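Taken in order, the sequence shown gives residues 239 to 650; the numbers are from my numbering. Here the structure is laid out as structure tokens; the discussion comes afterwards.
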Amino acid sequence: MSRTRSIIHLDMDAFFASVEQLDHPPYRGKPVVVGADPQGGKGRGVVAACSYEARPFGIRSAMPITQAYRRCPQAIYVRPRMARYAEMSERIFAILREVTDLVEPLSIDEAFLDVTASRRLLGTAEEIGRALKARIRSELGLVASIGIAPNKFLAKVASDLGKPDGFVVVEAGREREFLEPLPLSRLWGVGPKTEARLSRLGLRTIGHLARMPVETLEDAFGSSGRDLWELANGIDDREVVPEEAAKSVGAETTFGEDTDDLEEIRTTLLELADRVGRRLRREGYLAEGVTLKFRDHDFQTLTRAAMLAQPTDLGDDFFRAAWGLFQVLDWRGKRVRLLGVTATRLTGAGGQRGDQLHLFQRVAESKERLARTVDAIRERFGSDAIARASLLPGSREPRGGRRDPKARNRQR
239 MSRTRSIIHL DMDAFFASVE QLDHPPYRGK PVVVGADPQG GKGRGVVAAC SYEARPFGIR
299 SAMPITQAYR RCPQAIYVRP RMARYAEMSE RIFAILREVT DLVEPLSIDE AFLDVTASRR
359 LLGTAEEIGR ALKARIRSEL GLVASIGIAP NKFLAKVASD LGKPDGFVVV EAGREREFLE
419 PLPLSRLWGV GPKTEARLSR LGLRTIGHLA RMPVETLEDA FGSSGRDLWE LANGIDDREV
479 VPEEAAKSVG AETTFGEDTD DLEEIRTTLL ELADRVGRRL RREGYLAEGV TLKFRDHDFQ
539 TLTRAAMLAQ PTDLGDDFFR AAWGLFQVLD WRGKRVRLLG VTATRLTGAG GQRGDQLHLF
599 QRVAESKERL ARTVDAIRER FGSDAIARAS LLPGSREPRG GRRDPKARNR QR
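Following this line, the structure appears as structure tokens:
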């Protein structure tokens with residue numbers, strides 16, 4: 239048995255958009271854009287994902303939604319359904335973990351796998367990769383691109399080159415041959431500025447860089463020069479590290495219009511806090527701290543943090559802390575563009591809610607039962623099945639006593 243490592247990089251193709259096309263057959267074969275509401279070209283926010291049918295129009299992730307709409311007004315624009323994407327992600331990762339315990343998630347739809355030890359039982363790395371790709375397609379109806387190589391860097395480059403529906407294998411001993419013709423931008427850590435500096439040295443491809451004396455690169459780039467040289471030569475000794483515990487859970491929203499309406503700000507923070515609490519309960523965490531993110535109409539961003547009295551997963555607790563942080567911000571003369579609430583210092587719930595409840599233990603337990611009952615209703619009947627009265631459309635009167643005819647546009 240070869241001692242060469244076998245690393246798989248698996249990346250789902252246009253994951254959010256593909257799930258939407260899976261769930262909505264009329265969307266299939268059409269350009270689909272997941273993100274903010276474009277509002278006829280006047281929307282706010284960005285593209286979270288787009289289908290491959292949308293990409294010939296020049297639409298890309300993180301593009302302003304208004305720009306995407308100008309390029310393709312006939313696309314199907316949908317709001318993200320993160321709970322649904324998380325559900326599909328969990329099913330994908332369950333399949334991956336049947337192959338190996340060495341699964342390193344990079345995002346909700348991307349991971350490295352070290353299948354070196356799995357070859358004894360499951361066959362070659364190529365056979366394992368093809369089996370994974372086939373299972374994801376047959377059981378979930380989704381398409382994954384796969385790269386297989388002796389290390390993480392090469393596997394990642396391989397899967398990227400094969401997209402969409404890709405399957406690329408880099409054989410041991412042919413690393414430099416594989417990298418030789420590729421542009422410098424394929425190297426990790428090479429952005430436009432670094433690429434320009436390399437170009438001034440006469441380098442155009444990874445092969446050119448691989449043949450450059452490492453000392454020359456160290457003189458030009460310091461210690462990162464050796465890192466570039468090693469990657470260009472296909473050298474990457476990093477291990478696949480299984481999933482680490484989450485460090486924070488957050489939610490944020492961009493307002494449809496910049497606002498200084500305190501009631502709208504308050505209800506928005508309440509909604510964000512509830513979303514954070516639901517996710518913590520679903521994933522089995524308690525939080526000991528809260529961070530507020532605030533961006534004004536001039537794109538100036540502030541963050542403020544606070545510790546909680548005890549670990550919690552309740553939206554009410556996160557809201558009280560975030561609202562308190564907001565109230566001491568100096569934002570006079572400004573309007574709010576974006577708000578975010580993040581739960582920090584996470585610990586496993588383990589059935590414990592801290593040792594300081596005592597007299598109010600029954601109250602806390604009652605709130606916990608209520609929160610979990612609401613979670614169960616939403617899980618069964620959908621996220622809109624139950625909501626706080628204060629968050630329902632038309633539930634409040636804005637300043638001046640007249641109802642706002644414009645529904646708020648929030649990025650969910």
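Glycine residues also receive a C-beta, built at the ideal position from the N, C-alpha and C atoms. Every value quoted in this text rests on a predicted model; they were computed, and no experiment measured them.
Query                                                                                              : Result
Cβ contact (3+ pairs, closer than 8 Å) linking the region 567–583 and the region 540–559           : yes
Inter-residue Cα distance where the pair is Gly527 and Thr582                                      : 5 Å
Proximal residues to Pro302 (C-beta, below 7 Å), its chain only, five neighbours per side dropped  : Val284
Three-way DSSP call (helix, strand, coil) for Asp642 in this model                                 : Low local confidence applies: a pLDDT of 34 at Asp642 is under 50, so the model's placement there is unreliable, with the coordinate-based value given in what follows. In this structure, Asp642 counts as coil in the three-state DSSP scheme.
Straight-line gap, Gly553 to Arg516 (C-alpha atoms, nearest Å)                                     : 8 Å
Under the three-state DSSP convention, the category Arg575 falls into                              : strand
Backbone CA spacing between Pro318 and Arg513 [nearest angstrom]                                   : 14 Å
Glu413: first and last residue of the uninterrupted alpha helix (DSSP H) it sits in                : Glu413 to Leu417
Buried versus exposed, by CB contacts within 10 Å (16 or more), Val479                             : exposed
Neighbour flag for Ile386 against chain C, beta carbons, 9 Å                                       : The chain inventory of the structure shown lacks chain C, comprising one protein chain alone.
For Glu325, the nearest candidate out of Phe459, Leu441, His262 and Ile346 (CA to CA)              : Ile346
Where the alpha helix (DSSP H) through Met320 begins and ends                                      : Met320 to Arg335
Integer Cβ distance of Ser397 from Ser376, believed to fall under 8 Å                              : Incorrect: roughly 20 Å between the Cβ atoms, too far for contact.
Glu509 versus Ala321 - alpha carbon distance                                                       : 15 Å
For Ala286, the nearest candidate out of Gly278, Glu258 and Gly472 (CA to CA)                      : Glu258
contact_flag[the region 386–402, the region 240–252] where n(CB pairs < 8 Å) is 3 or more          : yes
Residues sharing a beta bridge with Leu248, DSSP                                                   : Ala349 and Ile384
Cβ-based neighbour list, Trp467, same chain, cut-off 6 Å, excluding 5 preceding and 5 following    : Val452 and Leu455
Proximity of Met450 and Ile374 at Cβ, strictly below 9 Å                                           : no
Whole-angstrom C-beta distance between Cys310 and Ala252, which should lie under 8 Å               : At roughly 15 Å, the Cβ-Cβ gap does not stay under 8 Å, so Ala252 and Cys310 are not in contact.
Buried or exposed by the 16-neighbour rule on C-beta atoms within 10 Å, applied to Phe537          : exposed
Residue burial classification, Ser256 (beta-carbon count within 10 angstroms, cutoff 16)           : buried
Coil, strand or helix - Gly527 by DSSP                                                             : strand
CB of Leu651 within 9 Å of CB of Leu530, strictly                                                  : What the structure shows of the chain is the stretch from 239 to 650, and residue 651 is not part of that stretch, so it cannot be assessed.
With 16 other Cβ atoms within 10 Å as the buried cut-off, status of Arg282                         : buried
Same chain, Cβ closer than 8 Å to Leu380, neighbours up to 5 away in sequence not counted          : Met250, Asp251, Phe253, Ser256, Val257, Leu260, Met326, Ile330 and Ile374
Delimiting residues of the beta strand (DSSP E) encompassing Phe405                                : Phe405 to Val407
Strand pairing of Met545, partner residues [DSSP]                                                  : Gly527
The alpha helix (DSSP H) enclosing Val395, as first and last residue numbers                       : Lys390 to Gly400
CA nearest to the CA of Thr491, picked from Ala363, Ala274 and Thr443                              : Ala274
Beta-carbon proximity of Ala511 to Asp555, cut-off 9 Å                                             : yes
Sequence-distant residues of its chain with Cβ nearer than 7 Å to Gln649 (five each side left out) : Reliability fails at Gln649, whose pLDDT of 32 lies under 50, so the model's placement of it is uncertain and no value is given.
Endpoints, the beta strand (DSSP E) within which Asp496 is located                                 : Ser486 to Thr497
Through-space distance from Lys268 to Pro419, alpha-carbon basis                                   : 34 Å
DSSP-derived helix/strand/coil call for Asp275                                                     : coil
Span separating the alpha-carbon of Ala186 from that of Ser462                                     : The question about residue 186 has no answer, for the chain in this structure spans 239 to 650.
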